[in-house]
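Notes follow once the structure below has been shown.
Protein chains: 2
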Amino acid sequence: MGRIAILGGTGPEGLGLGLRFAMIGEEIVLGSRQAPRAADAARRAQERLRVVNCTTPIHGEENQAAVRGADLVVIATPFAGVRELLPPLAEMLAGLVVLDVVNPLIRVDKQFTIERVPEGSAGEAIQALLPRSAVVSAFKTESAESLNAIERPGAGDIVVCSDHSEARTRIMALAERIPRYRAVDAGPLINARSLEAITALLLNINRRHRTVTSIQILGLQK
Amino acid sequence: MGRIAILGGTGPEGLGLGLRFAMIGEEIVLGSRQAPRAADAARRAQERLRVVNCTTPIHGEENQAAVRGADLVVIATPFAGVRELLPPLAEMLAGLVVLDVVNPLIRVDKQFTIERVPEGSAGEAIQALLPRSAVVSAFKTESAESLNAIERPGAGDIVVCSDHSEARTRIMALAERIPRYRAVDAGPLINARSLEAITALLLNINRRHRTVTSIQILGLQK
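In order, the protein sequence lines correspond to chains A and B. Each residue of the first sequence is one higher than the one before, counting from 1 in my numbering. Each residue of the second sequence is one higher than the one before, counting from 223 in my numbering.
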């Protein structure tokens, strides 16, 4: 894949994904608004990877620097930040595949739910902010907990959607290289609405049942 | 359970659910706006049940008559109809458990998605229309195809949510009596938003992969 930059790479979801990608040999740059914070997260990530005998390099950089030279850029920041973060990067991200793992979660009466996004979903909002990039929504339903539990393989399906079919195929191939994950092609990006809603449901089920859940699609041929 | 009335019982989802409930011995009344249509659907349902050696009676009645004497009322009409259908029935449904299986589906560029419901979901809208009933949302993600394929057992999880915990428990017990279904307690009714979104996703996956899918929640203890 080359070099994968993860914006919001110091947060639990971005970091967990970075670890998983590093474990399949991808060079990772964790991006953060503050360079020292990114460097620190990268150092600690490297230590954690050593425990599972992985020596792939993980760097840390300020977001703008992280994106430079990246072949794939992952958006893993809180949704509240993307409308500020992305426009200045749009030019640099033009022509690239952008993996969106953002969930616009809010809490209502102690339950997680999804805020109303004018574009329909975080995925569609990010695509609108990056019109010249190929935005792919995936990994949204994978919890930070299970991504970070790197001594265990993943579980469940990575449902992938995008309006750019080549980019979608590329992310599906990447997901399937991670042990135990199966990628499911869900077609156009509008399906990000459902993926984000599934995350809210799983988080509520997790809290109620004191566990960490994921989803599987039954009835597919392979 | 007693007698189960299914409003919209002549549509594929309501009918499929009626067949499944009949097969576990529940007496079913299929409701429709037109009594003759309901009677006709009931007659044909009875014939289909005979093939699987089920002799539980299925009746057909006009919606208002169907509800009379019912112990459980299922709402299986198109979402577009509920704001007209339910207010005149609210008094009769007071104190009853109401099972909502409605998905407010629309199509955008050939993809299914969920329309914006002011209350947040069809489940919440139905609860608002029936303030004195205990609305439980469940079976939303089970396709009409798989419900109607009565020669095969069900597959996947029936995720159940309601703001009325006793009613939720009752529907979970009902779901688990149907062979192969597992009921998953998702807590409050706000989670209906996610269940409806999952249905849209599954329908899009079904069309893309020419199959019939359902979901399973991985990571639960039982």
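Even for Gly, the Cβ is constructed at its ideal location relative to N, Cα and C.
Asked                                                                                                                                                                                        : Found
Just mark residue 283 of chain B as buried or exposed, buried being the case when its beta carbon has 16 or more other beta carbons within 10 Å.                                             : buried
Starting from residue 335 of chain B, follow its DSSP beta bridges and name the residues at the other end.                                                                                   : B:328
What in chain A is Cβ-close to residue 335 of chain B, meaning under 9 angstroms?                                                                                                            : 120, 190, 191, 193 and 194
For the alpha helix (DSSP H) containing residue 343 of chain B, name the first residue and the last one.                                                                                     : Premise fails: residue 343 of chain B is in no alpha helix (DSSP H) and is neither H nor E.
Does the beta carbon of residue 426 of chain B sit closer than 9 angstroms to a beta carbon anywhere in chain A?                                                                             : yes
Measuring straight from C-alpha to C-alpha, what distance separates residue 24 of chain A and residue 171 of chain A?                                                                        : 14 angstroms
List, in order along the chain, the chain A residues whose C-beta lies closer than 8 angstroms to that of residue 431 of chain B?                                                            : 185, 220 and 221
Would you decide whether residue 306 of chain B is buried or exposed? Buried here means 16 or more other CB atoms lie within 10 Å of its CB.                                                 : exposed
Can you say whether residue 277 of chain B is buried or exposed, counting buried as having 16 or more other CB atoms within 10 angstroms of its CB?                                          : exposed
Taking 8 angstroms as the threshold, find out whether the stretch 267 to 274 of chain B comes into contact with the stretch 293 to 302 of chain B through three or more Cβ pairs.            : no
Residue 19 of chain A: which of A:117, A:152, A:218 and A:86 sits nearest, CA to CA?                                                                                                         : A:152
What is the DSSP secondary structure of residue 232 of chain A, counted as helix, strand or coil?                                                                                            : Residue 232 of chain A lies beyond the range of chain A shown here (1 to 222); nothing can be said about it.
Run through DSSP, which three-state label would residue 26 of chain A get?                                                                                                                   : coil
Can you name the residues of chain A whose CB is closer than 7 angstroms to the CB of residue 330 of chain B?                                                                                : 190
Spell out whether any CB of chain A is found under 9 angstroms from the CB atom of residue 315 of chain B.                                                                                   : no
Give the DSSP-derived three-state secondary structure of residue 61 of chain A in the structure shown.                                                                                       : strand
Check whether the Cβ of residue 125 of chain A lies closer than 9 angstroms to any Cβ atom in chain B.                                                                                       : no
Thinking residue 333 of chain B and residue 191 of chain A are a contact (beta carbons under 8 angstroms), I'd like their distance in whole angstroms, please.                               : 7 angstroms
Decide if the stretch 92 to 109 of chain A is in contact with the stretch 196 to 208 of chain A; the criterion is three or more beta carbon pairs, one per stretch, under 8 angstroms apart. : yes
Comparing alpha-carbon positions, which option in B:357, B:376, B:351 and B:356 lies nearest residue 363 of chain B?                                                                         : B:376
Within a Cβ cutoff of 6 angstroms, which residues of the same chain sit near residue 415 of chain B, ignoring the five residues on either side of it in sequence?                            : 342 and 343
With distance defined between alpha-carbon atoms, name the residue in A:29, A:182, A:22 and A:174 nearest to residue 8 of chain A.                                                           : A:29
To the nearest angstrom, how far is the alpha carbon of residue 63 of chain A from that of residue 118 of chain A?                                                                           : 26 angstroms
In the DSSP assignment, what are the bridge partners of residue 436 of chain B?                                                                                                              : A:218
For residue 316 of chain B and residue 291 of chain B, I'd like the C-alpha separation in whole angstroms.                                                                                   : 12 angstroms
Beta-carbon within less than 6 angstroms of residue 32 of chain A's beta-carbon, same chain only, minus the 5 sequence neighbours each way: which residues are those?                        : 10 and 38
For the alpha helix (DSSP H) that contains residue 315 of chain B, what are its first and last residues?                                                                                     : 312 to 315
From A:189, A:99 and A:145, pick the residue whose C-alpha is nearest to that of residue 12 of chain A; which is it?                                                                         : A:145
Residue 320 of chain B to residue 225 of chain B, Cα distance in whole Å?                                                                                                                    : 12 angstroms
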